[in-house]
Structures are given as structure tokens and as C-alpha cells.
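Chemist:
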Amino acid sequence: MGSKDNRQVYEQGQKYIMNTYSRLPVVFVRAAMAYLWDAQGNKYTDYIAGYGCLNVGHSNKTVVKAIKKQVEKIIQPSNVYFNLPGVELAQKLCEATGFGKKVFFSNSGTEAVEGAIKLARKYSIQKYGQNRHEIISFYNSFHGRTLGALSATAQSIKQKEFKPLLKGFKYASLNDLDSVKKQIDENTCAVIIEPIQGEGGVNCSDRGFMAQLAEVCNKRDILLIADEIQTGFGRTGRMFAYMYYGIIPDILVVAKSLGGGMPIGAIITGDMLAGLFGPGSHGSTFGGNAASCAAGCAVLDFIKNKRLEEKAAKSGAYFMKKLVALKKKYSIIKDVRGIGLMLGMEFEKPIASKLVEKAHRDFLVINKVSDHTLRFLPPLIISRSNIDKLIRWLYKNISEVQDEG
Ligand SMILES: Cc1ncc(COP(=O)(O)O)c(C=O)c1O
Numbered sequence: 434m435g436s437k438d439n440r441q442v443y444e445q446g447q448k449y450i451m452n453t454y455s456r457l458p459v460v461f462v463r464a465a466m467a468y469l470w471d472a473q474g475n476k477y478t479d480y481i482a483g484y485g486c487l488n489v490g491h492s493n494k495t496v497v498k499a500i501k502k503q504v505e506k507i508i509q510p511s512n513v514y515f516n517l518p519g520v521e522l523a524q525k526l527c528e529a530t531g532f533g534k535k536v537f538f539s540n541s542g543t544e545a546v547e548g549a550i551k552l553a554r555k556y557s558i559q560k561y562g563q564n565r566h567e568i569i570s571f572y573n574s575f576h577g578r579t580l581g582a583l584s585a586t587a588q589s590i591k592q593k594e595f596k597p598l599l600k601g602f603k604y605a606s607l608n609d610l611d612s613v614k615k616q617i618d619e620n621t622c623a624v625i626i627e628p629i630q631g632e633g634g635v636n637c638s639d640r641g642f643m644a645q646l647a648e649v650c651n652k653r654d655i656l657l658i659a660d661e662i663q664t665g666f667g668r669t670g671r672m673f674a675y676m677y678y679g680i681i682p683d684i685l686v687v688a689k690s691l692g693g694g695m696p697i698g699a700i701i702t703g704d705m706l707a708g709l710f711g712p713g714s715h716g717s718t719f720g721g722n723a724a725s726c727a728a729g730c731a732v733l734d735f736i737k738n739k740r741l742e743e744k745a746a747k748s749g750a751y752f753m754k755k756l757v758a759l760k761k762k763y764s765i766i767k768d769v770r771g772i773g774l775m776l777g778m779e780f781e782k783p784i785a786s787k788l789v790e791k792a793h794r795d796f797l798v799i800n801k802v803s804d805h806t807l808r809f810l811p812p813l814i815i816s817r818s819n820i821d822k823l824i825r826w827l828y829k830n831i832s833e834v835q836d837e838g
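Quick note: the working numbering has the sequence shown finishing at residue 838, numbered continuously throughout.
1) Take the Cβ of Ile658 as the centre, count every other Cβ of all protein chains shown within 10 Å, and call the residue buried at 16 or more, exposed below.
2) Considering only their Cβ atoms, is the gap separating Gly721 from Phe515 smaller than 7 Å?
3) Please identify the residue among Ser818, Arg794, Asp795, Ser786 whose C-alpha is closest to the C-alpha of Arg808.
4) What does a CB cutoff of less than 7 Å around Lys448 pick up in its chain, not counting 5 residues either side in sequence?
5) For ligand 1, list every residue whose C-beta falls under 7 Å from any of its heavy atoms, going in chain order.
6) Can you have a look at Met434 and say buried or exposed, based on whether 16 or more other CB atoms are within 10 angstroms of its CB?
7) Closer than 8 Å by C-beta to Ala644: which residues in its own chain qualify, once you throw out the five before and the five after it? Chain order, please.
8) CB Val732 to CB Gly693, shorter than 7 Å?
9) Helix, strand or coil, according to DSSP, for Thr543 in the structure here?
10) Which stretch, first to last residue, makes up the beta strand (DSSP E) that contains Met778?
11) Residues in its own chain within less than 6 Å of Ala385 by CB, not counting five upstream and five downstream?
12) When DSSP builds the beta bridges, which residues end up paired with Met643?
13) Buried or exposed: where does Ile700 fall if 16 or more other Cβ atoms within 10 Å of its Cβ makes it buried?
14) Short of 8 Å in beta carbon distance, which residues of its chain neighbour Met753, apart from the five on each side in sequence? Order them along the chain.
15) What three-state label does DSSP hand Asn439 in the structure shown?
16) Pull up the DSSP beta-bridge partners for Ser466, would you.
17) Let me know the secondary structure DSSP gives Ile569 once reduced to three states.
18) Since Gly485 and Lys689 should fall inside the 8 Å C-beta cutoff, what is the C-beta to C-beta distance between them, to a whole number of angstroms?
19) Which first and last residues belong to the alpha helix (DSSP H) in which Arg825 is found?
20) What is the rounded straight-line gap between the Cα of Gly542 and the Cα of Leu685?
21) Between the beta-carbon of Ala482 and the beta-carbon of Pro811, is there less than 7 Å?
22) Does the distance from the C-beta atom of Leu522 to that of Gly729 stay below 7 Å?
23) Between Arg671 and the rest of its own chain, which residues show a CB-CB distance below 7 Å, the 5 nearest in sequence each way excluded?
24) I think Gly519 touches Ile568, with their Cβ atoms under 8 Å apart; what is that distance to the nearest whole Å?
25) Would DSSP call Asp471 helix, strand or coil?
26) State the CB to CB distance for the pair Ile629 and Cys637, rounded to an integer number of angstroms; the pair is presumed to be in contact (CB under 8 Å).
27) Please state if the CB of Leu788 and the CB of Tyr480 are separated by a distance shorter than 7 Å.
28) Excluding the 5 residues preceding and the 5 following Leu526 in the sequence, name in chain order all residues of the same chain whose CB lies nearer than 7 Å to its CB.
29) Output the boundary residues of the alpha helix (DSSP H) element that contains Ala659.
30) Can the beta-carbon of Pro696 be found closer than 7 Å to that of Asn830?
31) Cα separation between Leu599 and Gln592?
32) Identify every residue that forms a DSSP beta bridge with Phe602.
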């Protein structure tokens, strides 16, 4: 990039890259743990961690070392051979979940969801016949942008321009078991759920609802797919959020933080489904390539060695306490919610965009999921002083934005 500044790169990007995100005119050229530096050398503190991809922090040294070591040896042996880090990572994932027996690697979250849909359909169709292929998901969910995952993403705003979507998807309301039961019939094959809806607004499933949902599914041999692409790898104070909820899914899909910044996703299943995909059932050219898997192994080791789940639980409780105090002070704050270090703040008025822009000007990277809601997904290594810094900023700036009307 040479000596180009933020504005020049931003304009070049606007010219050559499709406009699929509303981008701010900042270009980050370097990062370390909870910090990012832009093209002008300004240092930013990060409270979104690449949309939840950097639970272990940006360019984490353990991860970088593992990637470097691997790329010097072999990057892509092809999937007709096993590669060492891939095998090691699959075993680590099975052990980390407790119930996992086999893994399929993809490149991204949406591809992991696609694979999970195929796996669930294969199981049900094989056992009960062709009609049993329907999947239930939840309003405000987000499962990805490819057509299968988009069909499960029950948000009309994201779906409307791309119809017809895949057949066989039905939608229910989160935390409303009756609405799920209403959608269940003899053709239901699976239910897919984010334990906490991320993109949909940091909406937490209730513990009781999740337990009852798991029970209903179990009784009727309906597969429960947990989409932990955002909630996984310590984010909620547990390795996976299903552990917080005290349930065991039939299929777990993960991605984002698994690669510590490298592209990788995974489907993890227990005994019942582990042998279902055979040669030709499913595949991916790059899925589980050696470089991404080496990163994944380093991520899992780092989480374990640094006890990041515990850290997330403690830092999350501290952060939440501060957000609750903030809410008491400002009537414009409608709600604060979340678990661990996955937190949201909803406003009575659409001030979220204004706050995100203001924060960037003050070198704080925060994120909104809508005009009304901010989402905080900091790296799990975030310090208390960085939480305090954001809270101080929120006190000052919410009051200013509120006064601006
Ligand atoms: C819960 C959830 N599922 C699926 C996805 C899609 O993942 P990806 O963007 O890696 O395809 C996301 C991405 O934000 C997500 O949060």
C-alpha cells in the first residue's frame, strides 16, 4: 500500500470492490490483540474483534507463529489426503465439545451451515423418506448469505431480493415454544438455532426455552443444530454457549474465531451422524487446509492455556454491570443484554449509527446491528481499563447524542 492514506485507499476500494458493506473511511494496516492502527498511524481500541473472529486477539503471536511454521511446510495438500494440523484440530474440537465424534471442515460459517443442512436432510430422508426435509429456524436469526443459509435466515430484509429461496424452511419465534410446536409436523427434519442471535440484535435464548426445545426435538427425532459461529470459543464464558444452556446439540456449526483470523468453519457431530457423509456426499476444495487448521490448533491451545472462557465470564460480568449503570442514567437506553462478552445495548431512538461514527473519530471501534442497537464483541483478552475507557466514552457521548435530539 506504500504511503497511501486512509482516504486514498478508501476511494480505491469504493471504485473496485463491490459495495456490500457500509464502510467507514478508515483503513487498518496493522493490529495486535485489542488494538488496530490505521494508514495514518492512529491507534484504535477494538470492541468488535472483526465481527467476533478474534476471540484470541488480532494477530495473536501464538497463532501467527503456528501459521508461519505451517505455510513454510505445506499449505494445501488437497482433501484427498489428511493433513497433520487438520487431523489434530478435528481431534481437539471433538474433545473440546465433549460430545463430538467427527468433524467436517469448511471455509466459512455459511458453508458450515450449508453442510449442516445437508447432513440433517440426509439423516431424516434416509430414515423417514423424502418428505422429511423441513428445517425450522427463528425470526431475526442469521445463518449466512449463501442460498441455503439465507433460507434459514428469517429476516425478510436480507431475503427479499433473492427469492425464490430454498424450499422447506419454516420460521418460529425465539423463546416461544408454542410457535415452534406449531411449525413441527411429520416433515420436520431439524431446528437450527443461534443460542444468542448476534446479527439479529444480541437476543438471548432463555435457558428454560432451550431445554424444552432440546427435549421436544429429542422426543421426535428432530435434529437440533446449534449455530455457534458467533457464540463459540469462549465468547459466552463457556467454550460453547450450549454448555451454558445445559443441552447437547446433534450438530454444532462453528467458524469465525476458530481460525484466529484465518478462514475456517466446521461441522461437529456426535456418534449418530458421524458416519453419515461418505465419499462424494459433501466436500470443499480449501476446507480444512493446513494453514487454517494450524491457526485453529493454536487458537484452541491459547484459549485453554490462558483460560479465556473464565476471563470472558469475569470481564463480561464487569462490562455488563457498567452497562446496567449506564442504562439507569439514560432513559434513551431501552435495554442492555447478553451473556459473557457478547453484549448489546438497545436505544429508544435510532442513534446507533451516529455513535459508531463518533466512536471511530475517537479511535474506538464499535459496531451496530441496527440503527437502534450496538453490539459489543471485544477480544476476550480485553482489559478492564479498556472496558472502562469505552464506558467513559459512552457516558459522555450518549448524553451528547441525546441532547442533539
Ligand atoms: C450466527 C452466524 N451464523 C452464520 C454466519 C455466517 O458466517 P460467515 O460470514 O463466515 O459465512 C454468521 C456471520 O456473521 C453468524 O454470526
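Yeah, the Cβ is synthetic: ideal placement off N, Cα and C, and Gly gets one too.
Modeler: On the basis of the data shown:
1) For this step, residue 658 is matched to residue 225 along the sequence shown. Burial call: buried.
2) Taking the sequence shown and counting its residues from 1, the one referred to as residue 515 is at position 82. Taking the sequence shown and counting its residues from 1, the one referred to as residue 721 is at position 288. Contact: no.
3) As a working mapping, residue 808 is identified with position 375 in the sequence shown. That would be Ser786, whose Cα lies nearest to the Cα of Arg808.
4) Residue 448 sits at position 15 when you count from the first residue of the sequence shown. Cβ within range, chain order: n/a, list empty.
5) Tyr484, Gly485, Ser541, Gly542, Thr543, Glu544, Val546, Phe575, His576, Gly577, Arg578, Ala582, Glu627, Gly631, Glu632, Asp660, Ile662, Gln663, Ala688, Lys689, Gly698
6) Translated into positions along the sequence shown, residue 434 becomes position 1. Only weak support is given to the placement of Met434: the predicted model assigns it a pLDDT of 48, under 50, and the question is left unresolved by the model.
7) Position 211 of the sequence shown, counting from 1, holds the residue named residue 644. Excluding positions up to five away in sequence, the list reads Tyr678, Gly679, Ile680.
8) The residue labelled residue 732 in the question sits at position 299 within the sequence shown. The residue labelled residue 693 in the question sits at position 260 within the sequence shown. Yes, these two residues count as a Cβ contact at 7 Å.
9) In the sequence shown, residue 543 corresponds to position 110, counting from 1. Correct three-state label for Thr543: helix.
10) Numbered from 1 along the sequence shown, position 345 holds the residue referred to as residue 778. First-last of the beta strand (DSSP E) with Met778: 775-780.
11) Here the chain comprises residues numbered 434 to 838, so residue 385 is not present and cannot be evaluated.
12) Residue numbering aside, residue 643 sits at position 210 when the sequence shown is read from its first letter. Bridge partners of Met643: none, in fact.
13) Reading the sequence shown from its first residue, position 267 is the one you call residue 700. Per the 10 Å Cβ criterion, buried.
14) Here residue 753 refers to the residue found at position 320 of the sequence shown. So the list reads Val769, Gly771, Leu776, once near-sequence residues are dropped.
15) Here residue 439 refers to the residue found at position 6 of the sequence shown. If DSSP states are grouped into helix, strand and coil, Asn439 belongs with the helices.
16) To locate residue 466, count along the sequence shown from 1; it is residue 33. A quick correction: the sequence has Met, not Ser, at residue 466. Beta-bridge pairing links Met466 to His491.
17) Taking the first residue of the sequence shown as position 1, residue 569 is located at position 136. Strand.
18) The residue given as residue 485 occupies position 52 in the sequence shown. The residue given as residue 689 occupies position 256 in the sequence shown. Confirmed, about 5 Å.
19) The residue labelled residue 825 in the question sits at position 392 within the sequence shown. Segment 817-837, the alpha helix (DSSP H) holding Arg825.
20) If you number the sequence shown from 1, residue 542 lands on position 109. If you number the sequence shown from 1, residue 685 lands on position 252. Taking the straight line joining both Cα atoms gives about 11 Å.
21) Mapped onto the sequence shown, residue 482 falls at position 49. Mapped onto the sequence shown, residue 811 falls at position 378. Yes, Cβ-Cβ distance for Ala482 and Pro811 is below 7 Å.
22) By 1-based counting over the sequence shown, the position of residue 522 is 89. By 1-based counting over the sequence shown, the position of residue 729 is 296. Yes, Cβ-Cβ distance for Leu522 and Gly729 is below 7 Å.
23) For the purposes of this step, residue 671 is taken as residue 238 along the sequence shown, with counting starting at 1. Excluding positions up to five away in sequence, the list reads Tyr677, Glu742.
24) Along the sequence shown, read from residue 1 onward, the residue named residue 519 stands at position 86. Along the sequence shown, read from residue 1 onward, the residue named residue 568 stands at position 135. Between Ile568 and Gly519 the Cβ distance is about 28 Å, and since that is not below 8 Å, they are no contact.
25) Locating residue 471 in the sequence shown gives position 38, where the first residue counts as 1. It is a strand residue.
26) As a position in the sequence shown, residue 629 is number 196, starting the count at 1. As a position in the sequence shown, residue 637 is number 204, starting the count at 1. Rounded, the Cβ-Cβ distance is 5 Å, consistent with contact.
27) Position 47 of the sequence shown, counted from the first residue, corresponds to residue 480. Position 355 of the sequence shown, counted from the first residue, corresponds to residue 788. For Tyr480 and Leu788, no; Cβs fall outside 7 Å.
28) Against the sequence shown, residue 526 aligns to sequence position 93. Excluding residues within five positions, the ones whose Cβ falls inside 7 Å are Gly533, Val536, Ala699, Ile701.
29) As a first step, residue 659 must be located in the sequence shown, where it is residue number 226. Premise fails: Ala659 lies in the beta strand (DSSP E), 656-660, not in any alpha helix (DSSP H).
30) Translated into positions along the sequence shown, residue 696 becomes position 263. Translated into positions along the sequence shown, residue 830 becomes position 397. No; because the gap between Cβ atoms is not below 7 Å, this pair is not in contact.
31) Residue numbering aside, residue 599 sits at position 166 when the sequence shown is read from its first letter. Residue numbering aside, residue 592 sits at position 159 when the sequence shown is read from its first letter. Leu599 and Gln592: Cα-Cα distance of roughly 11 Å.
32) The residue labelled residue 602 in the question sits at position 169 within the sequence shown. According to DSSP, Phe602 bridges with Ile568.
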